[in-house]
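Trainee: My structure is below; once you've seen it, I'll send some questions.
Protein chains in written order, with this note's numbering: chain A, 1 to 377; chain B, 1001 to 1377.
Laid out in structure tokens, this is it:
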């Protein structure tokens, strides 16, 4: 999508120099646009570990290119040994990231199958590029399948903007392009349908206020940032036409685990008859789980994310503490929205109701491989 | 309640010097405890206007003492003229504050009835003190009536702490002492019942993270600050035994208008069968209104409260911006929780269900005077 009129993705290389990856260093957003060049395995590990980039699809792709960079550097080491070492090192940067393991393993496999060192390097590059293209295409399809849902509402509103509420950042900056929750929104905007997005700021890390507001603004999508407390009031007063959120994990019966606070918005949507959609690649569907509230473990993060807020003071990015020094805080990162509150799932294969039968019809029980990634070309 | 082991109220004078009011300057909390001395009408107007103090009961009492200070200063003016001028000036500091008008008018009336200048000064002081005592007593009674609700839960928990979630600050720092939502909590804590409070940080102004966490911590009540997004998850997992919030305005059928985000917690409480109480003096019941969502106007405040967060950076209290410079924000300050989601109202006359019949039984249709303050002695 666009930044200041130019099309960007979150990770890319130029044909002129296939030894350097470029990424957007997201730590500085929305205050500064920093493009970082990475040409070493260590550089890529640092970028993943220290969250220069974030979002499950994006860190998977970053890890895949990390494998390729490792081979480029491995002149003094047998390429298979270098790949084995790099795999361990990359996976250790974000130990709970399922996509990272899957993507790194995939590149590792093609390296093992290729014969000469030169072929191994070429195979690693091709595979990393294929994973990147796969992630872009999934998001593009989610946009394509979500677009008619917005068009239908737009038809009823006769030219008035369609008001869409979203929570956290399930945007192109968490993916490679398009995003998941944002893909239908960009598709509608680019098709000339007037849309306006209510952006939950999404405490404690403010991914909405910082990242989603930035990417919508740069692509020219009208939006308004709100405190996380506000969505219920807006829905009571008919100011929200639909909710679209992402999903970090979706159970086979359609429970949606997403950024903490999603559940509260789903309750409000149900209470005011506002449709509530989760947009997700099928890789997030965990067919081993049924009851999300009972079965999905919720990550507890550092309580300092609650105590402190990061922002721009004069020209410096700084942290301010908002709580008393003696108060404790707790920082659950996600919550689970039960399927009964979800109007539908928007996926790369189409839209379905959030129940086991419809999910199975769309994906088939055997479709997603054990890694959790389905339909990988 | 206590700060660092000493009992404080939010506004007081010493017997040694009845010409000076002392207040806690709340703008510096929780980072610094600043006691401000006010001996002039102008000083009190500044304190109210610039929110050195906040909370409906407290600004009413501050306004009442402002009338008294105006008379002390009025040597060159007829006391009735001074009172008339002071009344206008004080009311103009917070034009929408119903309590302020009521309290100032009450002191103004006794000034008019008294005869000599000396008697007028004495009458103003007595009346301001009476209003202060009245507000303290209302909160004390709310604590008394709310205590059995906590005791009942404690009885079932056999020594484990009762987990109470609250939103915003309806604490003693918004009142004179005890608070409204916090009064039953302090009563339980002081009675030796183990309680633990989940404190919603309450964006955008963070009154929970800053004020409620401070006052609970200083009084020794165990508490944990959470992002506003978190309550739903806690309730899904049985980690909240009850919710107690304040109310800025309550309709005759029991709809509760309170800080934005209250409604989302009420939805979550209903979804997980957690009792949800609003604690309020009957002065907040507006018998002229029935449907709170349709009838109560919601204040929209400065969008910069969403764009910026105030906190402590190194040793300086500072603001940091969290949104892109080009993004808009919107800042609704309150929302309305429909009566169907409210388990009960805890008032200075007892606890009742949130419906018109029970509210009328407790208060009688004619009880609250037109000003909105009921049962004023």
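Backbone N, C-alpha and C fix where the C-beta goes; we use that ideal spot for every residue, glycine too.
Could you check what DSSP says for residue 1028 of chain B in three-state terms: helix, strand or coil?
Mentor: Working through the second chain from its first residue, we reach residue 1028 of chain B at position 28. Three-state result, residue 1028 of chain B: helix.
Trainee: For a quick check, are the C-beta atoms of residue 1180 of chain B and residue 1187 of chain B less than 7 Å apart?
Mentor: The sequence position of residue 1180 of chain B within the second chain is 180, counting from 1. The sequence position of residue 1187 of chain B within the second chain is 187, counting from 1. No. Outside cutoff.
Trainee: On a Cα-Cα basis, can you pick out the residue from B:1238, B:1333 and B:1243 that is closest to residue 1261 of chain B?
Mentor: In the second chain, residue 1261 of chain B corresponds to position 261, counting from 1. That would be B:1333, whose Cα lies nearest to the Cα of residue 1261 of chain B.
Trainee: Tell me whether residue 1304 of chain B sits in a helix, a strand or coil according to DSSP, three-state version.
Mentor: On the second chain, residue 1304 of chain B is found 304 positions in, with the first residue counted as 1. Helix, per DSSP.
Trainee: Using only alpha-carbon positions, find the residue among B:1214, B:1116 and B:1183 that is nearest to residue 1075 of chain B.
Mentor: Taking the first residue of the second chain as position 1, residue 1075 of chain B is located at position 75. Ranking the options by Cα distance to residue 1075 of chain B, first place goes to B:1116.
Trainee: Going by beta carbon distance, what residues of the same chain come within less than 7 Å of residue 1371 of chain B, once the five residues before and after it are set aside?
Mentor: For the purposes of this step, residue 1371 of chain B is taken as residue 371 along the second chain, with counting starting at 1. Low per-residue confidence applies at residue 1371 of chain B: pLDDT is 38, beneath 50, and the placement is therefore not dependable enough to give any value.
Trainee: Is the region 64–73 of chain A touching the region 236–253 of chain A in the sense that three or more CB pairs, one from each, lie closer than 8 Å?
Mentor: No contact exists between the region 236–253 of chain A and the region 64–73 of chain A.
Trainee: Give the straight-line distance between the Cα atoms of residue 375 of chain A and residue 239 of chain A, rounded to the nearest whole angstrom.
Mentor: Within the first chain, residue 375 of chain A is the residue found at index 375, counting from 1. Within the first chain, residue 239 of chain A is the residue found at index 239, counting from 1. Confidence in residue 375 of chain A is poor, its pLDDT being 30 and thus under 50, which makes the residue's placement unreliable; the coordinate value appears in the next sentence. Cα-Cα distance, rounded: 38 Å.
Trainee: Compare the beta carbon distance of residue 1310 of chain B and residue 1319 of chain B with 7 Å and say whether it is the shorter of the two.
Mentor: As a first step, residue 1310 of chain B must be located in the second chain, where it is residue number 310. As a first step, residue 1319 of chain B must be located in the second chain, where it is residue number 319. A contact, by the Cβ cut-off of 7 Å.
Trainee: Residue 1094 of chain B and residue 1048 of chain B - do their beta-carbons sit closer together than 7 Å?
Mentor: Looking up residue 1048 of chain B in the second chain gives position 48. Looking up residue 1094 of chain B in the second chain gives position 94. Yes. Within cutoff.
Trainee: Helix or strand or just coil, what does DSSP make of residue 1261 of chain B?
Mentor: Here residue 1261 of chain B refers to the residue found at position 261 when the second chain is read from its first residue. Residue 1261 of chain B falls in the coil class under three-state DSSP.
Trainee: Does the pairing of the region 20–30 of chain A with the region 73–88 of chain A give three or more beta-carbon distances under 8 Å?
Mentor: Judged by Cβ distances under 8 Å, the region 20–30 of chain A makes no contact with the region 73–88 of chain A, as fewer than three pairs qualify.
Trainee: What does DSSP give as the partner residue(s) for residue 321 of chain A in the beta ladder?
Mentor: Within the first chain, numbered from 1, the residue matching residue 321 of chain A stands at position 321. Bridge partners of residue 321 of chain A: A:308 and B:1312.
Trainee: Are residue 339 of chain A and residue 254 of chain A closer than 7 Å when you measure CB to CB?
Mentor: On the first chain, position 339 is the one that residue 339 of chain A refers to. On the first chain, position 254 is the one that residue 254 of chain A refers to. For residue 339 of chain A and residue 254 of chain A, yes; Cβs fall inside 7 Å.
Trainee: What's the C-alpha gap between residue 60 of chain A and residue 100 of chain A?
Mentor: Locating residue 60 of chain A in the first chain gives position 60, where the first residue counts as 1. Locating residue 100 of chain A in the first chain gives position 100, where the first residue counts as 1. Distance between the alpha carbons of residue 60 of chain A and residue 100 of chain A: 4 Å.
Trainee: Quick check: the region 1154–1168 of chain B against the region 1130–1139 of chain B, are there 3 or more CB pairs under 8 Å?
Mentor: Not touching, per the Cβ criterion.
Trainee: Take the Cβ of residue 1352 of chain B as the centre, count every other Cβ of all protein chains shown within 10 Å, and call the residue buried at 16 or more, exposed below.
Mentor: Here residue 1352 of chain B refers to the residue found at position 352 of the second chain. Buried: at least 16 other Cβ atoms inside 10 Å.
Trainee: Starting from residue 142 of chain A, trace the alpha helix (DSSP H) both ways and give me its first and last residue.
Mentor: For the purposes of this step, residue 142 of chain A is taken as residue 142 along the first chain, with counting starting at 1. Element bounds for residue 142 of chain A: 117–157.
Trainee: If you run the structure through DSSP and keep just helix, strand and coil, what is residue 1239 of chain B?
Mentor: For the purposes of this step, residue 1239 of chain B is identified with residue 239 of the second chain, where counting begins at 1. It is coil, neither helix nor strand.
Trainee: Can you pull the chain B neighbours of residue 256 of chain A, defined as C-beta to C-beta under 9 Å?
Mentor: Taking the first chain and counting its residues from 1, the one referred to as residue 256 of chain A is at position 256. Per Cβ cutoff of 9 Å: no residues; residue 256 of chain A is ~13 Å from chain B at best.
Trainee: Please compile the residues from chain A whose C-beta is within a distance smaller than 8 Å of the C-beta of residue 1274 of chain B.
Mentor: On the second chain, residue 1274 of chain B is found 274 positions in, with the first residue counted as 1. Those within 8 Å of residue 1274 of chain B in chain A number zero; the least Cβ separation is about 13 Å.
Trainee: Between residue 1312 of chain B and chain A, is the shortest Cβ-Cβ distance under 7 Å, so that the two count as touching?
Mentor: If you number the second chain from 1, residue 1312 of chain B lands on position 312. Taking Cβ atoms only, chain A reaches closer than 7 Å to residue 1312 of chain B, which makes this a yes.
Trainee: In chain B, what lies closer than 7 Å to residue 332 of chain A by C-beta?
Mentor: The sequence position of residue 332 of chain A within the first chain is 332, counting from 1. In chain order: 1230 and 1233.
Trainee: 7 Å is my cut-off, CB to CB: does residue 1328 of chain B come that close to chain A?
Mentor: To locate residue 1328 of chain B, count along the second chain from 1; it is residue 328. Closer than 7 Å to some Cβ of chain A, the Cβ of residue 1328 of chain B qualifies, so yes.
Trainee: For the structure I just gave you, are there three or more beta carbon pairs, one from the region 1273–1288 of chain B and one from the region 265–280 of chain A, closer than 8 Å?
Mentor: Segments in contact, no.
Trainee: Closest to residue 1203 of chain B by CA distance: which of A:36, A:228, A:270 and A:211 is it?
Mentor: In the second chain, counting from the first residue as 1, residue 1203 of chain B sits at position 203. Nearest C-alpha to residue 1203 of chain B: A:228.
Trainee: How should residue 1154 of chain B be labelled, buried or exposed, when 16 other C-beta atoms within 10 angstroms of its C-beta is the threshold for buried?
Mentor: As a first step, residue 1154 of chain B must be located in the second chain, where it is residue number 154. Buried, by the Cβ-count rule.
Trainee: Taking a contact to mean a Cβ-Cβ separation below 7 Å, would you say residue 1265 of chain B touches residue 1243 of chain B in this structure?
Mentor: Counting from 1 along the second chain, the entry for residue 1265 of chain B is found at position 265. Counting from 1 along the second chain, the entry for residue 1243 of chain B is found at position 243. The answer is yes: Cβ separation under 7 Å.
Trainee: Report the neighbours of residue 267 of chain A on chain B: residues whose CB is nearer than 9 Å to its CB, in chain order.
Mentor: Working through the first chain from its first residue, we reach residue 267 of chain A at position 267. Correct list: 1232, 1264, 1267, 1268, 1270 and 1271.
Trainee: Can you round the beta-carbon distance between residue 124 of chain A and residue 71 of chain A to whole angstroms, since I take them to be within the 8 Å contact cut?
Mentor: The residue labelled residue 124 of chain A in the question sits at position 124 within the first chain. The residue labelled residue 71 of chain A in the question sits at position 71 within the first chain. The pair is a contact, with the Cβ atoms about 5 Å apart (cut-off 8 Å).
Trainee: Would you verify that the beta carbon of residue 221 of chain A is, or is not, closer than 7 Å to some beta carbon of chain B?
Mentor: In the first chain, residue 221 of chain A corresponds to position 221, counting from 1. So, not an interface residue.
Trainee: Which residues in chain B have a C-beta closer than 8 Å to the C-beta of residue 260 of chain A? List them in chain order.
Mentor: For this step, residue 260 of chain A is matched to residue 260 along the first chain. Those within 8 Å of residue 260 of chain A in chain B are 1227, 1229, 1230 and 1233.
Trainee: What residue from A:11, A:322 and A:274 has the CA that sits closest to residue 344 of chain A's CA?
Mentor: Sequence index remark: in the first chain, residue 344 of chain A carries index 344 (1-based). If we check each option's Cα against that of residue 344 of chain A, A:274 comes out closest.
Trainee: Verify whether the separation of the beta carbon atoms of residue 1216 of chain B and residue 1197 of chain B is less than 7 Å.
Mentor: One-based indexing of the second chain puts residue 1216 of chain B at position 216. One-based indexing of the second chain puts residue 1197 of chain B at position 197. Closer than 7 Å, so yes.
Trainee: Quick check on residue 112 of chain A: buried or exposed, where buried means 16 or more other Cβ atoms within 10 Å of its Cβ?
Mentor: On the first chain, position 112 is the one that residue 112 of chain A refers to. Per the 10 Å Cβ criterion, exposed.
Trainee: Under 7 Å, CB to CB, which of the residues in the region 234–249 of chain A have a partner in chain B?
Mentor: Listed by position along the chain: 236.
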